[in-house]
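Q: Quick note on numbering: UniProt numbering labels position 229 of the sequence shown as 229, and the sequence is numbered without any gaps.
Don't be surprised by glycine CBs; every beta carbon is placed ideally from N, CA and C.
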Amino acid sequence: MTATNPVEQAVVWLNDPLNWTNPGGILDRLGEHLSMSAAAVLLGCLVAWPIGLWLGHSGRGGGLVLLISNVTLAIPTLALLTILPLTFLGFGRPAVVVALAVFAVPPLLANAYTGVRQADPEARDAARGMGLSGGQVLRRVELPLAVPYLAAGFRTAAVQVVATAALASFVNGGGLGQIIRAGFGLDIAAGGGQIIAGGVLVAGLALLVEGVLALVERAVTPRPLRRARGRANRRAAAAVTGN
1 MTATNPVEQA VVWLNDPLNW TNPGGILDRL GEHLSMSAAA VLLGCLVAWP IGLWLGHSGR
61 GGGLVLLISN VTLAIPTLAL LTILPLTFLG FGRPAVVVAL AVFAVPPLLA NAYTGVRQAD
121 PEARDAARGM GLSGGQVLRR VELPLAVPYL AAGFRTAAVQ VVATAALASF VNGGGLGQII
181 RAGFGLDIAA GGGQIIAGGV LVAGLALLVE GVLALVERAV TPRPLRRARG RANRRAAAAV
241 TGN
């Protein structure tokens with residue numbers, strides 16, 4: 001008996017081995033999705049981290065960080081995905097990676113800046129008192145202390161990029177979004193299950209990335225800072241609930 005409920009259709013579609021292993025199937029699309037997401041986050045790190053760390057070290061770039069973050073967040077990713085292919089990048093993977101990298105910049109930049117600014121002033125002064133140059137203070141003192149913040153920004157950027165990369169299918173960029181798009185190309189009665197299945201795959205991948213990077217962030221965060229963040233989160237929750 002053929003499933004008529006879209007949810008049942010999605011279960012059937014996901015349990016069909018051919019939908020996983022055929023060319024253009026789930027495994028192929030998953031590889032495309034992960035590769036372009038990783039490339040976009042890496043490009044975002046290469047741009048945002050040096051700027052954020054240096055501005056945080058100089059202590060003069062708070063307004064610039066806020067401006068860059070607001071401007072990049074204000075640009076719809078779908079708009080970039082439709083504009084960039086009309087440039088020399090063309091349709092396909094390069095335009096998608098650049099568009100997603102722009103989307104990854106705000107959390108990477110803001111957390112890099114905050115991480116350096118939150119470094120212990122006494123540790124910074126002691127390093128300068130030992131004769132370390134500004135660059136050495138940044139590399140040896142401020143950067144190690146900023147690692148938990150860098151990890152937090154990386155986690156946020158990665159999850160956002162993985163979730164947004166589904167839009168790449170609009171410009172022939174591949175990824176799991178192609179499964180959803182193909183479902184919309186069918187009659188809704190036939191393609192509804194595939195659309196739901198594609199959405200479940202994207203959401204599941206984003207949650208998996210979130211969980212893995214949450215563990216990484218916890219591992220690189222010193223215990224005293226974990227406790228301090230926990231207390232801050234509890235105070236914020238109490239303020240919201242009025243307790």
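Would you report the Cα separation of Ala203 and Ala168, rounded to the nearest angstrom?
A: Straight-line Cα distance between these residues: approximately 15 Å.
Q: Since Thr87 is in the alpha helix (DSSP H), which residue starts that stretch and which ends it?
A: Segment: none, Thr87 is in no alpha helix (DSSP H) and carries neither H nor E.
Q: On the CB-based measure, 16 or more other CB atoms within 10 Å of its CB, does Ser69 come out buried or exposed?
A: It is buried - the Cβ of Ser69 has at least 16 other Cβ atoms within 10 Å.
Q: Might you give, ordered along the chain, the residues of its own chain that have their beta carbon closer than 8 Å to the beta carbon of Ala112, omitting 5 neighbours on each side?
A: Contacts found: Ala48, Trp49, Ile51, Gly52, Leu53, Gly56, Ala146, Tyr149, Leu150 and Gly153.
Q: Taking one C-beta from the stretch 30 to 37 and one from the stretch 80 to 87 each time, how about it: are there three or more such pairs within less than 8 Å?
A: Verdict: no, contact absent.
Q: Going by alpha carbons, who is nearest to Gly25 out of Ile179, Leu205, Ala206 and Gly191?
A: Ranking the options by Cα distance to Gly25, first place goes to Ile179.
Q: Please classify Leu18 as buried or exposed, where buried requires at least 16 neighbouring CB atoms within 10 angstroms.
A: Flag for Leu18 reads exposed.
Q: Here's the rule: buried if 16 or more other CB atoms are within 10 angstroms of the residue's CB, otherwise exposed. What is residue 246?
A: Outside the displayed span of the chain (1 to 243) sits residue 246, for which this structure offers no information.
Q: Between Val116 and Leu143, what straight-line distance do the alpha-carbon atoms span, to the nearest angstrom?
A: Their backbone Cα atoms lie some 7 Å apart in a straight line.
Q: DSSP three-state label for Ala239, please.
A: Low per-residue confidence applies at Ala239: pLDDT is 36, beneath 50, and the placement is therefore not dependable enough to give any value.
Q: Just to confirm, are Thr72 and Val41 a CB contact at a threshold of 8 Å?
A: Result no, Cβ atoms of Thr72 and Val41 do not sit closer than 8 Å.
Q: Between Ala196 and Ala158, what straight-line distance do the alpha-carbon atoms span, to the nearest angstrom?
A: For clarity, residue 196 is Ile in the given sequence; the question names Ala instead. Cα to Cα, Ile196 sits roughly 23 Å from Ala158.
Q: DSSP on Thr221, reduced to helix/strand/coil?
A: In the structure shown, Thr221 sits in coil (DSSP, three-state: anything other than H, G, I, E or B).
Q: To the nearest whole angstrom, what separates the beta carbons of Ala99 and Thr77, a pair I think is in contact under 8 Å?
A: Right, the Cβ-Cβ distance comes to about 6 Å (below 8 Å), so this counts as a contact.
Q: Nearest to Leu201 by CA position, among Gly177, Ala39, Gly211 and Ala74, is which residue?
A: Taking only the C-alpha atoms, the option nearest Leu201 is Gly177.
Q: Are there 16 or more other CB atoms within 10 angstroms of the CB of Glu8, so buried, or fewer, so exposed?
A: Glu8 comes out exposed.
Q: Using CA atoms only, rank isn't needed, just tell me which of Leu67, Arg124, Leu66 and Thr156 is closest to Leu44.
A: With the sequence shown as reference, residue 44 is identified as Gly, and Leu is not the correct amino acid for it. When only C-alpha atoms are compared, the closest one is Thr156.
Q: Going by beta carbon distance, what residues of the same chain come within less than 6 Å of Gln194, once the five residues before and after it are set aside?
A: Once the five neighbours on either side are set aside, the close Cβ partners of Gln194 are Trp13 and Gly183.
Q: On the DSSP letters alone, give me the boundaries of the alpha helix (DSSP H) that Leu46 sits inside.
A: Here the alpha helix (DSSP H) through Leu46 covers Ile26 to Ser58.
Q: By Cβ distance below 7 Å, which residues in the same chain neighbour Ala166 in space, the five residues on each side in sequence not counted?
A: Cβ neighbours of Ala166 beyond the five flanking positions: Gly175, Leu176, Gly177, Ile180 and Val202.
Q: Taking the alpha-carbon positions, what's the Ala38 to Phe103 distance?
A: In a straight line, the C-alpha of Ala38 is about 13 Å away from that of Phe103.
Q: Below 7 Å CB to CB, which residues in the same chain sit around Ala163 once its five sequence neighbours on both sides are set aside?
A: Only Val202 and Ala206 meet the Cβ criterion.
Q: From which residue to which residue does the alpha helix (DSSP H) around Ala95 run?
A: Arg93 to Arg117 is the span of the alpha helix (DSSP H), which, as asked, contains Ala95.
Q: Would you tell me roughly how many angstroms separate the C-alpha atoms of Leu81 and Asp16, rounded to the nearest one?
A: Straight-line Cα distance between these residues: approximately 32 Å.
Q: Assuming Ala110 and Val65 are in contact, meaning their beta carbons sit under 8 Å apart, how far apart are those beta carbons, in whole angstroms?
A: Correct: roughly 6 Å between the Cβ atoms.
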